[in-house]
Structures are given as C-alpha cells and as structure tokens.
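Student: Numbering (the working numbering), first residue to last: -5 to 186.
We put the CB at the ideal spot given by N, CA and C, even for glycine.
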Ligand code: FE
C-alpha cells in the first residue's frame, strides 16, 4: 500500500497536479494539529454547558465551529447523545467517512472490512472485542456515515467528575468513546 501511494504521489507530482510541499503541510496538519483532542473539547463543553449542549444536538456543525473546528470532511456533522437507554456507534459501511475536524484521520480498524460489516451485523460482539460491555437493556444504535453526514458520539459524563474543569474533563474523552466503540476514561483511569 505504501509503495502504491508513493508511486501515485510521484505520478501526480510529475504531472503537476499536486505540490509535494502542500501535501506535506496537509499531512502534518492532520498528524499534529487536528485530532481527537478537538472532539474531546467539544464533548467536555457539552458536559459542562447546557446551552452549548442544546446547540450541539440541534445543529452540530456550527456548534463545533464555535470552538474553531471546521473544514474538510466536517461540513455536516451530527452529534449523537449517549444515554443509559441508548448507546450510539458509528461506522462507514461503504468506505471510511469520518468527522476529520473533530477526530482527525480514522484509525486503520475503522477502515477495515471486518469492522465495516460486523459493526452492523453484530454491534454487541464488536463492542465486546473493544472491551465494552453494556447492560442488555441498553439499545445500540449504529449510524452509517456518508460523504454528506459525519457523526460524533457524545458519551455520558463519567460519575465522580462533579466540579471538574472543562480541560480536565476533556482528558477523559477518548477517540473511541466518540466513535462509540469505547467509553470515556473514569477518574480512576486518569489517576493511573
Ligand atoms: Fe465512507
């Protein structure tokens, strides 16, 4: 795969379709500046600010832009609310659509054929493989991303975090908890 990508880049550069410096800048931006820390800040804000939370669930794209996150692959983001009754999980069955501005680039497993098919056919089994066991009465809703709509899961705020600052809360928010294949860290996890 790496060789194929390099060959493709060489051809596109030789033909003048891409500028290698621009490509490097794009890659560096997604590796260092844009990643799940952005989404974690959105979730933490939603945990502490009821008005922000309401705006986020009404129309996530502008609410996320309030924190300065916008751009490619994030034109239409929908926030999904996890509750004791409903757990949301995101997949792209067709390819690898993912909310780049808030989560960065997708992990390899997200793009893999087994995840893409099994997330739909057996979400509880997939969650178990990620080490997540939910109460049997919790409904699992699986959302299929498209090039038009990307999803951000807003996990439930962990117990024992009353009075925590937004910054500290954001440290509990994992990438997988915003895809729905994980849960946020607990205060005890953070102390480890
Ligand atoms: Fe896709």
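1) Roughly how many whole angstroms lie between the Cα atoms of residue 140 and residue 86?
2) Applying the 10 Å Cβ sphere with the 16-neighbour rule, what's the burial state of residue 175?
3) Reducing DSSP to helix, strand and coil, say where residue 167 ends up.
4) Is residue 161 helix, strand or coil when you go by DSSP?
5) Measuring straight from C-alpha to C-alpha, what distance separates residue 72 and residue 94?
6) Checking 8 angstroms against the spacing of the C-beta atoms, do residue 150 and residue 76 come in under that value?
7) Give every residue of the same chain whose Cβ lies closer than 8 angstroms to the Cβ of residue 103, excluding the five residues on either side of it in the sequence, and list them in chain order.
8) Going along the chain, which unbroken runs of the alpha helix (DSSP H) with 4 or more residues stay wholly within the region 53 to 126?
9) Could you check what DSSP says for residue 173 in three-state terms: helix, strand or coil?
10) The alpha helix (DSSP H) spanning residue 3 covers which residue range?
11) Sorry if obvious, but does the Cβ on residue 88 come closer than 7 angstroms to a heavy atom of the ligand FE?
12) Going by CA-CA distance only, name the one from 153, 183, 41 that's closest to residue 147.
13) Return the Cβ separation of residue 190 and residue 137 in integer angstroms, given the expectation that the two are a contact with Cβ distance under 8 angstroms.
14) Taking the straight line between their C-alpha atoms, what separation do you get for residue 132 and residue 7?
15) Can you find the residues in the same chain that come closer than 8 angstroms, C-beta to C-beta, to residue 165, ignoring five residues on each side of it along the sequence?
16) Is residue 139 near the ligand FE, with its Cβ less than 7 angstroms from a heavy atom?
17) I believe residue 160 touches residue 0 by the beta-carbon criterion, under 8 angstroms. Please report the beta-carbon distance rounded to the nearest angstrom.
18) Please tell me whether, using a cut-off of 7 angstroms, the distance from the CB of residue 39 to the nearest non-hydrogen atom of the ligand PLP is below it.
19) What number of angstroms, rounded off, separates the C-alpha of residue 125 from the C-alpha of residue 105?
Tutor: Reading from the atomic positions:
1) Walking along the chain shown from the start, residue 140 turns up at place 146. Walking along the chain shown from the start, residue 86 turns up at place 92. Near 7 angstroms, if we compare the C-alpha coordinates of residue 86 and residue 140.
2) Counting from 1 along the chain shown, the entry for residue 175 is found at position 181. Result: buried.
3) Locating residue 167 in the chain shown gives position 173, counting from the first residue. Coil at residue 167, not helix or strand.
4) By one-based count along the chain shown, residue 161 stands at place 167. Note: residue 161 maps to helix in three-state DSSP.
5) Residue mapping note: residue 72 aligns to position 78 of the chain shown, counting from 1. Residue mapping note: residue 94 aligns to position 100 of the chain shown, counting from 1. About 13 angstroms.
6) The count along the chain shown starts at 1 and reaches residue 150 at position 156. The count along the chain shown starts at 1 and reaches residue 76 at position 82. Cβ atoms of residue 150 and residue 76: closer than 8 angstroms.
7) Position 109 of the chain shown, counted from the first residue, corresponds to residue 103. Contacts found: 109.
8) 54 to 60, 94 to 97, 102 to 105, 107 to 115, 117 to 123
9) In the chain shown, residue 173 corresponds to position 179, counting from 1. It is helical.
10) Translated into the one-based positions of the chain shown, residue 3 becomes position 9. Unbroken alpha helix (DSSP H) run through residue 3: -4 to 8.
11) Position 94 of the chain shown, counting from 1, holds the residue named residue 88. Residue 88: yes, Cβ under 7 angstroms from the ligand FE.
12) The residue labelled residue 147 in the question sits at position 153 within the chain shown. Nearest of 153, 183, 41 to residue 147, Cα basis: 41.
13) In the structure as shown, the chain begins at -5 and stops at 186. Residue 190 is therefore absent and cannot be evaluated.
14) In the chain shown, counting from the first residue as 1, residue 132 sits at position 138. In the chain shown, counting from the first residue as 1, residue 7 sits at position 13. For residue 132 and residue 7, the distance between alpha carbons rounds to 51 angstroms.
15) As a first step, residue 165 is located in the chain shown; it is residue number 171 there, counting from the start. Contacts found: 34, 179, 184.
16) The residue given as residue 139 occupies position 145 in the chain shown. Residue 139 Cβ: within cutoff of the ligand FE.
17) Within the chain shown, residue 160 is the residue found at index 166, counting from 1. Within the chain shown, residue 0 is the residue found at index 6, counting from 1. Not really, about 42 angstroms apart at Cβ, beyond 8 angstroms.
18) The ligand PLP is not among the ligands present in this structure, which contains only the ligand FE.
19) In the chain shown, residue 125 corresponds to position 131, counting from 1. In the chain shown, residue 105 corresponds to position 111, counting from 1. If you take the alpha carbons of residue 125 and residue 105, they lie about 19 angstroms apart.
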